[in-house]
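The next block holds one structure in the form of structure tokens; read it before the comments.
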Amino acid sequence: MRAHIGRLLLENPDVLMMDEPTNHLDLESIDWLEKFLTTFDGALVVVSHDRYFLDRVTNRTAWVHEKRLDTYAKNYSGFLKERAEYEEMLMRRYENQQEELAHHQKFIDRFRSKASKATLVQSRIKMVEKIDRIELPQGARRMKLRIPEPAPCGRNVMELRDVAKSYGDNHVFSGVNLRFEQGDRAALVGRNGAGKSTLLKICAGLLDHKGEREVHPKARLEYFSQNRVDTLDLDNDVLTEARVPGAPQTDEQIRSFLGCFLFSGDDVFKLVRVLSGGEKSRLALARMMFRRGNVLLLDEPTNHLDIATREVLQEALAEFPGTIIMISHDRYFIDAVANRIIEVADGHVTAHYGNYTEYLARREAGGRDEDALRGRAKAPAVANTPAITGTAKPMPAQDTSSALAAIAAAKRDKGDTKKQSADSRKERSQKRNVLNAELRDLEKKIEKSEARLAEIHGLQADPEAYTNNLITPEIAAEGKELETQLPGLIARWEAVGLQIEELK
Numbered sequence: 000m001r002a003h004i005g006r007l008l009l010e011n012p013d014v015l016m017m018d019e020p021t022n023h024l025d026l027e028s029i030d031w032l033e034k035f036l037t038t039f040d041g042a043l044v045v046v047s048h049d050r051y052f053l054d055r056v057t058n059r060t061a062w063v064h065e066k067r068l069d070t071y072a073k074n075y076s077g078f079l080k081e082r083a084e085y086e087e088m089l090m091r092r093y094e095n096q097q098e099e100l101a102h103h104q105k106f107i108d109r110f111r112s113k114a115s116k117a118t119l120v121q122s123r124i125k126m127v128e129k130i131d132r133i134e135l136p137q138g139a140r141r142m143k144l145r146i147p148e149p150a151p152c153g154r155n156v157m158e159l160r161d162v163a164k165s166y167g168d169n170h171v172f173s174g175v176n177l178r179f180e181q182g183d184r185a186a187l188v189g190r191n192g193a194g195k196s197t198l199l200k201i202c203a204g205l206l207d208h209k210g211e212r213e214v215h216p217k218a219r220l221e222y223f224s225q226n227r228v229d230t231l232d233l234d235n236d237v238l239t240e241a242r243v244p245g246a247p248q249t250d251e252q253i254r255s256f257l258g259c260f261l262f263s264g265d266d267v268f269k270l271v272r273v274l275s276g277g278e279k280s281r282l283a284l285a286r287m288m289f290r291r292g293n294v295l296l297l298d299e300p301t302n303h304l305d306i307a308t309r310e311v312l313q314e315a316l317a318e319f320p321g322t323i324i325m326i327s328h329d330r331y332f333i334d335a336v337a338n339r340i341i342e343v344a345d346g347h348v349t350a351h352y353g354n355y356t357e358y359l360a361r362r363e364a365g366g367r368d369e370d371a372l373r374g375r376a377k378a379p380a381v382a383n384t385p386a387i388t389g390t391a392k393p394m395p396a397q398d399t400s401s402a403l404a405a406i407a408a409a410k411r412d413k414g415d416t417k418k419q420s421a422d423s424r425k426e427r428s429q430k431r432n433v434l435n436a437e438l439r440d441l442e443k444k445i446e447k448s449e450a451r452l453a454e455i456h457g458l459q460a461d462p463e464a465y466t467n468n469l470i471t472p473e474i475a476a477e478g479k480e481l482e483t484q485l486p487g488l489i490a491r492w493e494a495v496g497l498q499i500e501e502l503k
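Using numbering that gives the first Met the number 0, the first residue of the sequence shown is number 0, and each one after it goes up by one.
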């Protein structure tokens, strides 16, 4: 792999396209390649699952998802941050819209059966139909992995004392003294050929060696390597291959566990021979973890796994209560999982407590020795005038004038009542006209605001808009202002509509 990459670089191309260039490279080679590519004058298009590598060598990210491709003028970490902000904003908009739709539906359901509110209900239905629905993107399939609880083991899981290994005249290392305790998550690091895989196989009991290897009697070792993928029976289906011989497992239990590794539905009936490299790796990992070992020895477990699956695996391993000894060239993965770094270099093995970043800092500072752990108002009553009954009799003059005055007053009162009634109808009509005009104005404002808000949301949903700097602070502020104003406009629209119905 190093020779092939070296030949490509010596050709000095204008466009360099690389598919997983860091696979099978040791950490020092990856570091050198990153430094070279950051000064490369041509264009670089790269596919990689190494997040540190992507951050250092790229300045644009193309995200392939849901049968579309979106580009971001940022490295991988910048892309993740922008995508997270967009998804958070989209979720807030979705939740707000769902509340708005539920509010409209409650109003429609409440007044649907009332004939007097038919016009208002129909208007509301039309308004709801015009709302552009926000669709949440379908989440990527991602396994939620919980490694089965391992069998208990003692504190001192394994110890190597004065271990040495040679292949003929090829001296690998000597004087190795290591002790692994329960809860250790150790990562073996060093150049390719330094002896990392050899040391891991010695820990697994797969190689002869000089010196002593003592393993706790309750330790149950499980070893995984890329070569173990080749031991899968290609003629078996996934369900059969995942079954652990002699273990009391039902098909339901096995399928449930395989689902954690993205084998769901009819996927469990696929033949192993048709699986991709990543699928075979997931199947081999699932089969190994299903055996409930308390000491996991992992040689490049992340090869052929995509970034999302790596993240889930690293989360599961970080929570694993047993012991882990692993080899990986994924620095992000090592940083997230390991609490101890074992450096294999120049025939020596040196242990460091802490994650990979801390190990690098100590190495740059020159340290190589093992470190320490670290109520409504009542209306006034109206007086009733008693009715005059009986036969008319002649009255005195003064009484006649009083009666005529009373009749004239009664006529005036009657006329005033008619006038008041007419004035009241006219006043109600005028109020309805004013309210109808306000209702139409509100509907126009709501429609205009929703259209503009949909336009702004559409712009915010377009990654190219960020790349081309089309999302300005003014546009973002306008969108927030519209989101704040709309509920008030809709509430006023409802109140005006009810007032109109009451005046009919």
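Note that the Cβ used here is the ideal one computed from N, Cα and C, for glycine as well.
Computed from a predicted model, the values in this text were never measured in an experiment.
I'd like the span of the beta strand (DSSP E) that includes residue i, first residue to last.
i      : result
LYS164 : 155-166
THR70  : 67-71
LYS209 : 209-214
ILE340 : 339-344
Sorted by chain position, which residues of the same chain lie with C-beta nearer than 7 Å to residue i's C-beta, five sequence neighbours on each side aside?
i      : result
HIS170 : GLY346
GLU128 : none
LEU469 : LEU458
ASN302 : ASN22, GLN225 and SER280
Compare the Cα-Cα distances from residue i to each of the options and report the closest residue.
i      : options                           : result
ASP13  : PHE39, THR230 and GLN252          : PHE39
TYR505 : ARG160, GLY192 and ALA150         : The first residue shown for the chain is 0 and the last is 503, placing residue 505 beyond what the model contains.
LEU159 : LEU297, GLU211 and GLU442         : GLU211
THR197 : GLN104, VAL343 and ARG92          : VAL343
TRP492 : GLU477, THR230, ALA436 and TYR358 : ALA436
ARG291 : LYS217, ASN302 and VAL271         : LYS217
LYS164 : LYS209, ALA186 and GLY189         : LYS209
ASN226 : LEU220, GLY276 and LEU270         : GLY276
GLN516 : ALA285, ILE146, ASN432 and ASN354 : In this structure the chain extends from 0 to 503, so residue 516 is not present and cannot be described.
TYR222 : ALA494, ARG286 and ASP440         : ARG286
VAL495 : LEU119, VAL311, LEU32 and ALA464  : LEU119
ILE455 : LEU441, LEU434, GLU442 and GLU480 : GLU480
VAL214 : ALA72, VAL156 and LYS425          : VAL156
ARG184 : THR483, ALA350, PRO486 and ASP250 : ALA350
Does DSSP put residue i in a helix, a strand or coil?
i      : result
MET0   : coil
ASP370 : Reliability of the predicted coordinates at ASP370 is poor, the pLDDT of 44 falling under 50, and the value obtained from them is presented with this limitation in mind. Three-state DSSP puts ASP370 in coil, outside helix and strand.
LEU237 : Per the sequence shown, the amino acid found at residue 237 is Val instead of Leu. It is helical.
GLU180 : strand
SER28  : helix
THR230 : coil
ALA436 : helix
ALA475 : helix
HIS64  : strand
PHE262 : coil
PHE223 : strand
ASP298 : strand
GLU18  : Here the sequence assigns Asp to residue 18, which means Glu is not the residue at that position. DSSP places ASP18 in strand when its eight states are reduced to three.
SER173 : strand
Take residue i and list the residues in its own chain whose beta-carbon comes closer than 6 Å to its own, dropping the five residues that flank it on each side.
i      : result
ARG254 : VAL267
PHE262 : VAL237
TRP62  : ASP69
ALA42  : VAL14
MET0   : HIS23
Is the CB of residue i under 8 Å away from at least one CB in chain B?
i     : result
LEU89 : Absent here is chain B; the protein component of the structure consists of one chain.
Got a sec, what are the start and stop residues for the alpha helix (DSSP H) residue i sits in?
i      : result
PRO95  : Before going further, note that residue 95 is Asn rather than Pro in the sequence given. Run containing ASN95: 75-110, per the alpha helix (DSSP H) assignment.
THR118 : 117-129
ARG254 : 250-259
VAL311 : 306-318
ILE324 : Segment 322-326 is the beta strand (DSSP E) holding ILE324; no alpha helix (DSSP H) there.
Suppose the cutoff is 8 Å on Cβ atoms and the five residues either side in sequence are ignored; what does the same chain contact list for residue i look like?
i      : result
ILE130 : GLN96, GLU99, LEU100 and GLU449
SER47  : MET17, GLU19, PRO20, THR21 and LEU53
LYS564 : Because the chain spans 0 through 503 in this model, residue 564 falls outside it and cannot be assessed.
LEU274 : VAL237 and LEU282
ALA460 : TYR85 and LEU89
GLU299 : SER224, GLN225, ILE326, SER327 and HIS328
LEU438 : TRP492, VAL495, GLY496 and ILE499
ARG451 : GLU477 and LEU481
Cβ contact (3+ pairs, closer than 8 Å) linking the stretch 325-339 and the stretch 173-184
Contact holds: three or more Cβ-Cβ distances are below 8 Å.
Determine, using beta-carbon pairs with one atom in the stretch 16-28 and one in the stretch 45-52, whether at least three such pairs fall under 8 Å.
Three or more pairs of CB atoms, one per stretch, sit closer than 8 Å, so the stretch 16-28 contacts the stretch 45-52.
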